[in-house]
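Colleague: Take a look at the following structure, please.
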Amino acid sequence: MKKMLTIAAIAAFAALAVSCNNKKARPIAALETYSDSIYMVNDSTIGDLQTFVYEGVMPTDAGLPANYVLAISSYGLNSDGTYTLTESYTETNGKVNTNFDEGEKIVLIGIPNDSTAVVYELISYYGRPRMHLLAEGDSALHKLDKDLKRASKDWRHKLKRK
């Protein structure tokens, strides 16, 4: 009888040991899968930071023509990023003014009458009013008013990619 109890105890211990080993193997396998997926997300498929430069003459808030140079830095044209803007104009008295601005570029989708339009919203670090620009392909940006409508069909409200 002692031999049977000893054999039963050994069998129970072996079953318990195998059961415990299997439970330890599952989290390790899950952890390996998790780390593999992290590696895939953090690989180099995102791309490089690019800078896109647009230039043109647009009217200032006072109506004076100004030379604009807008540089947008992002991982693609239709992704959020940052911008720098230089605005130069000559006042009626002959004095030349140059304003510099920089901030965040946010991509918005849709405007009134066009739900697929791509709009860049420029949010200044210095508290200047937000500017909205409609992307016309990858070659030009057209200024929009506060209601996200074209400021004018006039070419003077457009910046062209350099």
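Count along the sequence shown from 1, then add 55; that gives the number in this note's numbering. Note that CB positions come from ideal geometry on N, CA and C, so glycine has one too. Remember, predicted model here, so these are calculated numbers, not experimental data.
Taking 7 Å as the threshold (C-beta atoms), are glycine 111 and leucine 214 in contact?
Modeller: Result yes, Cβ atoms of leucine 214 and glycine 111 sit closer than 7 Å.
Colleague: Do you know how far the Cα of aspartate 200 is from the Cα of leucine 132?
Modeller: The straight-line gap from Cα to Cα measures roughly 21 Å.
Colleague: Per DSSP, aspartate 169 forms a beta bridge with which residues?
Modeller: In DSSP, aspartate 169 forms a bridge with Ile166.
Colleague: Between Ile164, Ser194, Asn168, which lies nearest to glutamate 176 when the distance is taken from Cα to Cα?
Modeller: Ile164
Colleague: Nearest-angstrom Cα distance between glutamate 87 and proline 167?
Modeller: Confidence at glutamate 87 is low in this model, with a pLDDT of 43, below 50, so the placement of that residue should be treated as unreliable; the coordinate-derived value is given next. If you take the alpha carbons of glutamate 87 and proline 167, they lie about 48 Å apart.
Colleague: Considering only DSSP beta bridges, list what alanine 121 is partnered with.
Modeller: Met113, Tyr144
Colleague: Taking the alpha-carbon positions, what's the aspartate 202 to threonine 145 distance?
Modeller: 29 Å
Colleague: Based on Cα-Cα distance, which residue from Leu188, Val162, Val174, Ser179 lies nearest to asparagine 154?
Modeller: Looking at the Cα atoms, Ser179 is the closest of the given residues.
Colleague: Which stretch, first to last residue, makes up the beta strand (DSSP E) that contains histidine 212?
Modeller: Looking at the DSSP string, histidine 212 is not in any beta strand (DSSP E), and its letter there is neither H nor E.
Colleague: Taking C-alpha atoms, which residue in Leu119, Thr106, Asp103 lies nearest to lysine 150?
Modeller: Leu119
Colleague: Closest to lysine 102 by CA distance: which of Ala121, Pro114, Ser128, Thr139 is it?
Modeller: Checking the sequence shown, residue 102 turns out to be glycine, not lysine. It is Ser128.
Colleague: Please classify alanine 121 as buried or exposed, where buried requires at least 16 other C-beta atoms within 10 Å of its C-beta.
Modeller: Under this definition alanine 121 is a buried residue.
Colleague: Would you report the Cα separation of leucine 196 and glycine 182, rounded to the nearest angstrom?
Modeller: So the two alpha carbons sit approximately 22 Å from each other.
Colleague: Using 10 angstroms around the beta-carbon of methionine 192, count the other beta-carbons present and answer buried if the total reaches 16, otherwise exposed.
Modeller: Per the sequence presented here, residue 192 reads as glycine, with methionine not at that position. When all chains shown are included, glycine 192 counts as exposed.
Colleague: Just the C-alpha distance for leucine 189 and lysine 198, rounded to the nearest angstrom, thanks.
Modeller: 6 Å
Colleague: Between the alpha carbons of glutamine 105 and tyrosine 138, how many angstroms are there, rounded?
Modeller: 11 Å
Colleague: In whole angstroms, what separates the C-alpha of tyrosine 123 from that of glutamate 157?
Modeller: So the two alpha carbons sit approximately 13 Å from each other.
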